[in-house]
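Working notes for the structure below.
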Amino acid sequence: VPIGSAAILHAVPTTRFVSAGDGGSTAWPVHPLPDDGTSHFTVNTTIYTWSKEPLSGVLTVTGEWGGSSTVQCKLPAGDGACVVPALKASAVKLWWPRGLGLQRMYNVTASFTPSPATAAEGAPTVATMATRRIGFRLAALVTINDTSVADVQRATTTEGTGNHTLMLRVNGAAIAARGANLIPMELLEGRIVPGMHTNLVASAAAANFNTIRVWGGGTCAFQVFSL
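The numbering used here puts the first residue of the sequence shown at 32, with every later residue one more than the last.
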């Protein structure tokens, strides 16, 4: 990593559902959201960096949907991090599980430009960039009758009602989970080669799965996927 620059080790965008429709309602959807661009989200993007010296600079995050946001960052020598919060995303198409719709994805690009004043004397500043792809969706594991106002109010202090089954909603739509539990593909991680997970997910999709549950000892807790 040149002096006067910072490497982006990881770029992590996360989405948050804000509202549905132009009315700005924040009610939790219990019916399928219209896929007409009226649902609103925000995107928080964190970059994790490494540099040889402390740096200040500008972090800009741009969404393929047209939004952009900029913050000033101060990065320490060694490992650092900077966040661009609440980048607005509207007029975006939703990501749907297999069988319910398309899986629209968008690029999110993070660019860090160091300030020349913070670089070592005579060292040129070099901007760095990383791009990730995200989809916009709202996924929920429902343990109550979420169409009942009384049940929803009680659920603010309790989990479930004891008389309602588990149900998944994605973008407000109730879905039937068709899938399986996934255990690690190899006991020795060093034997995992590129393409193994892609092939497994492709095989599951070809078998009409729409869900893979990764157990707690895996790399994530729950994933609804599509290819």
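No residue lacks a Cβ here, since even glycine has one placed at the ideal position from N, Cα and C.
These numbers were taken from a predicted model, which means no experiment stands behind them.
Expressed to the nearest angstrom, what Euclidean distance is found between the alpha-carbon atoms of residue i and residue j?
i: F256; j: L106; result: Annotation note: pLDDT 47 at F256 (below 50); position unreliable, no value reported.
i: A37; j: V74; result: 23 angstroms
i: W96; j: R200; result: 25 angstroms
i: T187; j: V92; result: 35 angstroms
i: E84; j: N176; result: 55 angstroms
i: V139; j: A122; result: 15 angstroms
i: S87; j: D67; result: 40 angstroms
i: L131; j: D110; result: 42 angstroms
i: E190; j: T178; result: 16 angstroms
i: S146; j: V245; result: 43 angstroms
i: P63; j: T156; result: 48 angstroms
i: C104; j: S234; result: 43 angstroms
i: A238; j: R209; result: 10 angstroms
Helix, strand or coil: which one does DSSP assign to residue i?
i: H62; result: coil
i: G1; result: No information on residue 1 is available, as it lies outside the stretch 32 to 258 that the chain covers here.
i: P225; result: coil
i: L199; result: strand
i: N239; result: coil
i: A181; result: helix
i: V123; result: coil
i: S36; result: coil
i: P44; result: strand
i: L31; result: Residue 31 cannot be examined here, being either before or after the span of the chain that is shown, 32 to 258.
Within its chain, find whatever has a CB closer than 7 angstroms to the CB of residue i; leave out the 5 residues flanking it on each side and keep chain order.
i: E325; result: This structure leaves residue 325 out entirely; the chain is present only between 32 and 258.
i: A158; result: S142, F143, T144
i: L172; result: L197, L199
Using DSSP bridges, identify the partner residues of residue i.
i: A161; result: A141
i: R244; result: N212
i: L118; result: V74
i: A170; result: V201
i: R112; result: A small fix is needed here, since residue 112 is Ala in this sequence, not Arg. A112 is bridged to Y79.
Looking only at its chain, what residues have a beta carbon closer than 6 angstroms to the beta carbon of residue i, apart from the 5 residues adjacent to it on each side?
i: V102; result: L90, V115
Spatial neighbours of residue i within its chain, please: CB distance less than 8 angstroms, with the 5 preceding and 5 following residues excluded, ordered by chain position.
i: H228; result: M216
i: L219; result: none
Stretch-stretch touch, CB-based, cutoff 8 angstroms, three pairs: the stretch 79 to 89 with the stretch 38 to 53: Flag = yes, the stretch 79 to 89 and the stretch 38 to 53 touch.
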